[in-house]
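So the protein sequences, as listed, match chains Z, X and V. Counting in this note's numbering, the final residue of the first sequence is number 1662, and the numbers go up one at a time with none missing. Counting in this note's numbering, the final residue of the second sequence is number 1662, and the numbers go up one at a time with none missing. Counting in this note's numbering, the final residue of the third sequence is number 1662, and the numbers go up one at a time with none missing. For every residue, glycine included, the Cβ atom is placed at its ideal position computed from N, Cα and C. Since this is a predicted model, take the numbers as computed values, not measurements. Below is one structure, written out as structure tokens; comments come after it.
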Amino acid sequence: MTAHALPAPAAALYEAIAGLPIISPHGHCDPAWFADDMPFPDPASLLILPDHYLFRMLYSQGVALADLGLGVPPDQRDPRAIFRVFADHWHLFLGTPTRGWLEHTLQRTLGIETELSPDTADAVFDQIDATLKRPEWRPRAAFVTMNIARLATTDAALDPLSAHQGAAQDWPGRILPTFRPDDILNPARPGHADRLRTLSQMTGADCAAYDGFLDAIRARRAAFRALGATATDHDVPDLMTLWLPRPEIETLHARAWAGDLSAQDAAHYYGHMLTEMAQMSAEDGLVMQIHAGSRRSTNHALLDALGPDMGADIPVAMDWTRGLEALLNRVGNDPRFRLLVFTLDESAYARELAPMAGHWPCLRLGPPWWFHDSVNGIRRYFDRVVETAGYFNLAGFNDDTRAFLSIPARHDMWRRGVALHLADQVDRGLLGAADAARLAPWLAHDAAVQAYRLADAA
Amino acid sequence: MTAHALPAPAAALYEAIAGLPIISPHGHCDPAWFADDMPFPDPASLLILPDHYLFRMLYSQGVALADLGLGVPPDQRDPRAIFRVFADHWHLFLGTPTRGWLEHTLQRTLGIETELSPDTADAVFDQIDATLKRPEWRPRAAFVTMNIARLATTDAALDPLSAHQGAAQDWPGRILPTFRPDDILNPARPGHADRLRTLSQMTGADCAAYDGFLDAIRARRAAFRALGATATDHDVPDLMTLWLPRPEIETLHARAWAGDLSAQDAAHYYGHMLTEMAQMSAEDGLVMQIHAGSRRSTNHALLDALGPDMGADIPVAMDWTRGLEALLNRVGNDPRFRLLVFTLDESAYARELAPMAGHWPCLRLGPPWWFHDSVNGIRRYFDRVVETAGYFNLAGFNDDTRAFLSIPARHDMWRRGVALHLADQVDRGLLGAADAARLAPWLAHDAAVQAYRLADAA
Amino acid sequence: MTAHALPAPAAALYEAIAGLPIISPHGHCDPAWFADDMPFPDPASLLILPDHYLFRMLYSQGVALADLGLGVPPDQRDPRAIFRVFADHWHLFLGTPTRGWLEHTLQRTLGIETELSPDTADAVFDQIDATLKRPEWRPRAAFVTMNIARLATTDAALDPLSAHQGAAQDWPGRILPTFRPDDILNPARPGHADRLRTLSQMTGADCAAYDGFLDAIRARRAAFRALGATATDHDVPDLMTLWLPRPEIETLHARAWAGDLSAQDAAHYYGHMLTEMAQMSAEDGLVMQIHAGSRRSTNHALLDALGPDMGADIPVAMDWTRGLEALLNRVGNDPRFRLLVFTLDESAYARELAPMAGHWPCLRLGPPWWFHDSVNGIRRYFDRVVETAGYFNLAGFNDDTRAFLSIPARHDMWRRGVALHLADQVDRGLLGAADAARLAPWLAHDAAVQAYRLADAA
């Protein structure tokens, strides 16, 4: 990326926004890094092992995951050998955002001048390693160096939030938790009934009763808000929302408590609970996020051997129109409610999501998610959503990453994508140059602040 | 739009077609305007209130529909205040076709030189108001001023067509009705059984019997044709066509007459009736239009309070291949039959509709519909359909609007889209410049005349 | 095509690959041509009659198929008259790849200088006819003239392969068979049970028993491999794969042998057999191809009158994620297994196929298939798959054609598409020029060799 210049009109728009502070309102960094502020570990553990974008590509070309340290006990891993395996396959990433992100991270963020190749694996490894040991690359200092203003993590409902408390104590206002309650809402998740009991203990509410369960959830939401949370998040495999009559949901809850729901009843229960969460969001102001359409862990052998998140999550087609209908009809006209949605099914951009966002007052469209968070993915997103939803029903950008050092790279790719899109619109006579210049910083920065209500955050 | 020039090669193609007469073979203008030729009302009532593109966007950003006069009795509306609310939110439309259309309408069509903004709301309102009071902006004069050659409206099967008769009397050959019989064909529509009785009274046929019902429909089609109609139109929520054995459809019809069909039987009945309509089209030459895939009134609170068409119609995925199979196998090889289809599911363009149009002799592809009637939507349409369907299986353009004054703007956007597409094809080596120059006027004008058989019209 | 130049940066990339030898690893040419090496027949029989791209378009515009010789006994056809009908409708193909292919074939491949038009039909016919009678346009010589290195045909499991034996005898190593066993695997195909008996006779195995049936299939695969086959191919209408317990599949097989399976059981049986084929591919190294999503012969009148392949095959939406799950979980992690997939549902490119190819070690994405094998189809393909799958999970190009003389044209269109894509990536800052120059020949030539394991072929 860094070696290649943008065409001239896009370049001017890009230059004006490239240096704006980074708002990262949704992602998966570890809050403990900022509580402890301990140095990051070796390059492989930081850059390779947690990045499923990277290791899925290597696996697709026959590299054994064990050669990348996955499933290997940490004390038996050889970070340098792992980095060599990765460098040997660097060409596989040509044309992918992964390559752009990593080039940006190494060259622009960390200042490594040696270009990565099979021949330079050791040299680059050593340079990264030396860099990470410098005090300015400790987590809190890196946060500042990388020009990040706010960073939200994603945290289970039962998370005690001690890391967030730690960071807030002497380094407040930077790291926000996000309330992700699927573990206690979706009975299809293994261990669900046990977690309801833990939730009772944690909150003192009687979660065997439906009312007590709702109270317990409200208590957890309040705890998250107290530490700066402005949003919730849901990972929904098959989108269906419902609003069930009270006796029916109470019956289902009793059976969920007993761990005794059929697959279909579990789906109905979860569909109703999503609508309950929308109602609670209208009440307490937490922005609701729905990420829908990822079929998780489709490679069962990898799941059994190594667990989830091994690169085998594959999207499926999604019906947003009917899927959200119950939730929206229950809460969607409430001016207090805010819902951000993320799709892996791009065919829904123009067909469903842009028309919905251009109508429902609660709805904002999240940026391109996951496989679509890429230069061409961003182009397709703008192409398909803007004409129906406008710009002001968009939620700006979020990086959604667990790779902390790649955050500037990912926001940079978005900002380049914004510049390329706006320049193309001007070129084709759809937008004036002055309007494009005003929209660029909004899309790069302000939209996310507004969508996630971060201006109101503590 | 108007301030921004097209790139040079597209500009030349555009200039050659910008002034062609406008053929508007499908839309929703009120024929009474042209029968009565009374001046148009105030700017808000003409430009804001009937335009769901406009008020859905404002609603999506928290503007109350009552502030736009919706649900407010006409005598309690303040047109100037409504226009101010709209002008205050003008920035929301950046990047949307709505903005392009309105800019064109104000500046190019009405000659308003003041640029719309929150500060100029009153001035622009006054200028529009003064313009509309001038004789040359009475409906018939405006029709001529705007260079319209033919305008088709859309009219229910039970419409007495008195407005069309009024216009035809002393101003013939301009305004054509279109036969839209869903109200008497689709039992899922409230009041269906009552309308069958009205149809009996209107035609003298015994609609309790299936044969009488078919005769009554033929009578209404003949009445429409007598006033210049060349086409029918269907609004199909979930596409399914069938051909049922005679005893079965007679039984279903008896139950439809009695208002006693299950939802599934109603769908089967309607699916069969669509095929009957195709057969009648083969017989009487009326071009059949199917607009499929809009889930209507998904916001139930708005439907209850304000009725349909409040901006909450949202598309769903459509299966054209299987959905049209029964109809096409019954009538699709008949050289007399012509079917135009319109989709809100762009994924069907290249997957289903272009391959179907490139095979079935009856089939022509309608232009991008509704949310896809936009500069980038037009680009996607050409990109996905031409290589398989060619240009000559396309139906040209129709504006599908109820906003009369926006008709030149909408055709202008199509013509710009045609120019941009053809210039891009030439640039990429896919088309010679001479062929592009020949195709431009065909796409801008001739294709619609041919598709709708307007050359044969009275 | 030939008259129009590519933009400069793409032109340089194109020039470097335009002359590379042609690898044609999947198509439908007749191997008998190369066994017999008899002159090709007249222009119409060679260029018009076998090309459903051509006659489907003419049929869509009202040309009777009989006027093109379809359904007419060969001795009653008038090739010159057929060619005139085609030339009269040449304008219908503007903007289609068919036009580009035929222009290339006539001008560049056959050296016909007269431009095709209604007026020149006879002259062009005569020039083609004269050309085809020259010795350098006999099949084997044409193969060399056209710079083809390898050509794979597609052959039914029961094909005795005598043509391949004939060609191999004195002209070895050019023509390879491909094992297409759907006729003996899919009970939904008419005559399935009879063919199982033929298979028994052909192989000596007892196909009434499931084990014997598997042995017979293995024997046929070995026979294909002995003549150079490196791949199998499946035409799957509705994608579903399964792995059934042994007693269950044995029961289904017994009923398949008896010709007594319900539609659903037939689908389950076929879904299981696809997984068996994947296992055999892991064992014997034949690359497995799946072409899924074409609904065959949707025009029943044409099917009854003229048989299949009359231009009425229409795509339907496909669920690749769930459809391949059973097969991939059974064999997909096996390093010996290679699976190439082809879709007619482009919405699956970015949503399903690229994510799957970027994970499963067995999977490579086939090039744009059929209606999507076009300049813009190729652009959409690269746009949607590269960022997630990279370049090295792609299978290069195959022409999939039965129109032998169009092979150079089709590969030329791919190579232009490759050049346009790579130049655009460089222009937008996503790829360095040196990387683009390295990727071009890989995409034009090497990828197909690797994907189809042709370097290992005899």
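Problem set entry | Nearest to R1422 (chain X) (by Cα), restricted to the options X:L1314, X:A1482, X:I1227 | Taking only the C-alpha atoms, the option nearest R1422 (chain X) is X:A1482.
For this session: Taking only the alpha-carbon atoms, compute the straight-line gap between R1499 (chain X) and W1524 (chain Z) and give it to the nearest angstrom.
Result: W1524 (chain Z) has its alpha-carbon roughly 12 Å from the corresponding atom of R1499 (chain X).
Problem set entry | D1415 (chain V), buried or exposed, once every other Cβ within 10 Å from all chains shown has been counted against 16 | Of the other Cβ atoms in all chains shown, fewer than 16 fall within 10 Å of the Cβ of D1415 (chain V); this residue is therefore exposed.
Exercise. Interface residues of chain Z around F1575 (chain X) at Cβ under 9 Å?
Worked result: Those within 9 Å of F1575 (chain X) in chain Z are A1554, R1555, A1558, P1559, G1562, E1591, T1592.
Exercise. Between L1403 (chain V) and the rest of its own chain, which residues show a CB-CB distance below 6 Å, the 5 nearest in sequence each way excluded?
Worked result: Answer for L1403 (chain V): I1388, C1411, A1420, listed in chain order.
Exercise. Residues of chain Z with a CB under 9 Å from the CB of N1351 (chain V): which are they?
Worked result: Taking a Cβ-Cβ cut-off of 9 Å, N1351 (chain V) has no neighbours in chain Z, whose nearest Cβ is about 28 Å from it.
For this session: Starting from I1352 (chain X), follow its DSSP beta bridges and name the residues at the other end.
Result: According to the DSSP secondary-structure assignment, I1352 (chain X) is paired through a beta bridge with X:I1226.
Problem set entry | Whole-number beta carbon distance between S1578 (chain Z) and P1301 (chain Z), since they are thought to touch under 8 Å | Between S1578 (chain Z) and P1301 (chain Z) the Cβ distance is about 4 Å, and since that is below 8 Å, they are a contact.
Problem set entry | Chain-ordered chain V contacts of T1300 (chain Z) [CB-CB under 8 Å] | What T1300 (chain Z) touches in chain V: V1590, E1591, T1592, G1594.
Exercise. Does N1537 (chain V) come within less than 8 Å of chain Z when only Cβ atoms are used?
Worked result: So, interface residue.
Exercise. How many angstroms separate the CA atom of A1648 (chain V) from the CA atom of A1652 (chain Z)?
Worked result: Cα to Cα, A1648 (chain V) sits roughly 43 Å from A1652 (chain Z).
Exercise. Closest Cβ-Cβ distance between H1504 (chain X) and chain Z: below 8 Å?
Worked result: Yes, its Cβ sits closer than 8 Å to a Cβ of chain Z.
Problem set entry | Residue of V:P1213, V:D1234, V:F1290 minimising C-alpha distance to R1606 (chain V) | Nearest of V:P1213, V:D1234, V:F1290 to R1606 (chain V), Cα basis: V:D1234.
Problem set entry | Any chain X beta carbon closer than 8 Å to Q1265 (chain V) | True, the Cβ-Cβ gap to chain X drops below 8 Å.
Exercise. Using the C-alpha atoms, what's the distance from F1546 (chain X) back to Y1656 (chain X)?
Worked result: Looking at the two C-alpha atoms, the distance is approximately 14 Å.
Exercise. Whose C-beta lies closer than 8 Å to the C-beta of L1274 (chain X) among residues of the same chain, with five residues either side of it excluded?
Worked result: L1253, F1259, L1510, M1514.
For this session: Consult DSSP for A1648 (chain V) and reduce its assignment to one of helix, strand or coil.
Result: Helix, per DSSP.
Problem set entry | N- and C-terminal bounds of the alpha helix (DSSP H) containing R1312 (chain Z) | Here R1312 (chain Z) belongs to no alpha helix (DSSP H), and DSSP marks it neither H nor E.
For this session: Determine whether the Cβ of M1492 (chain Z) lies closer than 8 Å to any Cβ atom of chain V.
Result: It does not; no Cβ of chain V falls within 8 Å.
Problem set entry | 8 Å contact criterion, which L1635 (chain X) and L1296 (chain V) should meet: CB distance rounded | The pair is not a contact, with the Cβ atoms about 14 Å apart (cut-off 8 Å).
Problem set entry | Short-range partners of chain B found in the segment 1631-1652 of chain V, where Cβ spacing is below 7 Å | The structure shown contains no chain B; its protein chains are Z, X and V.
Exercise. Residues in its own chain within less than 7 Å of A1214 (chain V) by CB, not counting five upstream and five downstream?
Worked result: Same-chain partners within the cutoff: A1623, L1624, A1627.
Problem set entry | Identity of the residue in X:M1242, X:Y1257, X:W1237, X:H1396 nearest A1516 (chain X) by Cα | The residue with the shortest Cα to Cα distance from A1516 (chain X) is X:Y1257.
For this session: Compare the C-beta of P1572 (chain Z) with all C-beta atoms of chain X and state if any pair is closer than 8 Å.
Result: Among the CB atoms of chain X, none fall inside 8 Å of the CB of P1572 (chain Z).
For this session: Closer than 7 Å by beta-carbon distance: list the chain X residues that pair up with D1587 (chain Z), in chain order.
Result: The answer, in chain order, is N1580.
Exercise. Can you list the alpha helix (DSSP H) stretches of 4 or more residues lying completely in the segment 1357-1432 of chain V, in chain order?
Worked result: Runs of alpha helix (DSSP H) with 4 or more residues, each lying fully within the segment 1357-1432 of chain V, are found at 1366-1374, 1386-1389, 1396-1407, 1414-1430, listed in chain order.
Exercise. Is G1621 (chain Z) closer than 8 Å to G1583 (chain Z) when the C-beta atoms are compared?
Worked result: Going by the sequence as given, residue 1583 (chain Z) is Arg instead of Gly. In this structure, G1621 (chain Z) lies closer than 8 Å to R1583 (chain Z) by Cβ.
Exercise. Would a check of beta-carbon distances place P1565 (chain V) closer than 8 Å to chain Z?
Worked result: Answer yes: the Cβ-Cβ gap between P1565 (chain V) and chain Z drops below 8 Å somewhere.
Exercise. Nearest to I1226 (chain X) by alpha carbon, out of X:R1632, X:A1641, X:M1617, X:R1642?
Worked result: Sorting X:R1632, X:A1641, X:M1617, X:R1642 by C-alpha distance to the C-alpha of I1226 (chain X) places X:M1617 at the top.
Problem set entry | Rounded straight-line distance, which links the Cα of E1219 (chain Z) to that of E1346 (chain X) | The question names Glu, but residue 1346 (chain X) is Ala in the sequence shown. Taking the straight line from one Cα to the other gives about 47 Å.
Exercise. How about H1457 (chain X) and D1386 (chain X): are their beta carbons less than 8 Å apart?
Worked result: The answer is no: Cβ separation not under 8 Å.
Exercise. Does the count of Cβ pairs from the segment 1311-1323 of chain Z and the segment 1562-1571 of chain Z closer than 8 Å reach three?
Worked result: At 8 Å Cβ cutoff, the stretches do not touch.
Exercise. Considering T1547 (chain Z), what are the terminal residues of the alpha helix (DSSP H) in which it resides?
Worked result: Element bounds for T1547 (chain Z): not the alpha helix (DSSP H) but the beta strand (DSSP E), 1543-1547.
Problem set entry | Continuous beta strand (DSSP E) stretch holding R1568 (chain Z): start and end | Per DSSP, the continuous beta strand (DSSP E) segment holding R1568 (chain Z) begins and ends at 1567-1569.
Exercise. Between G1497 (chain X) and L1548 (chain X), which are expected to be in contact by the criterion C-beta below 8 Å, what is the C-beta distance as a whole number of angstroms?
Worked result: The beta carbons of G1497 (chain X) and L1548 (chain X) sit about 4 Å from each other, so the pair counts as a contact at 8 Å.
Problem set entry | DSSP state of D1326 (chain X) mapped onto helix, strand, coil | DSSP places D1326 (chain X) within a helical segment (H, G or I) once states are collapsed to three.
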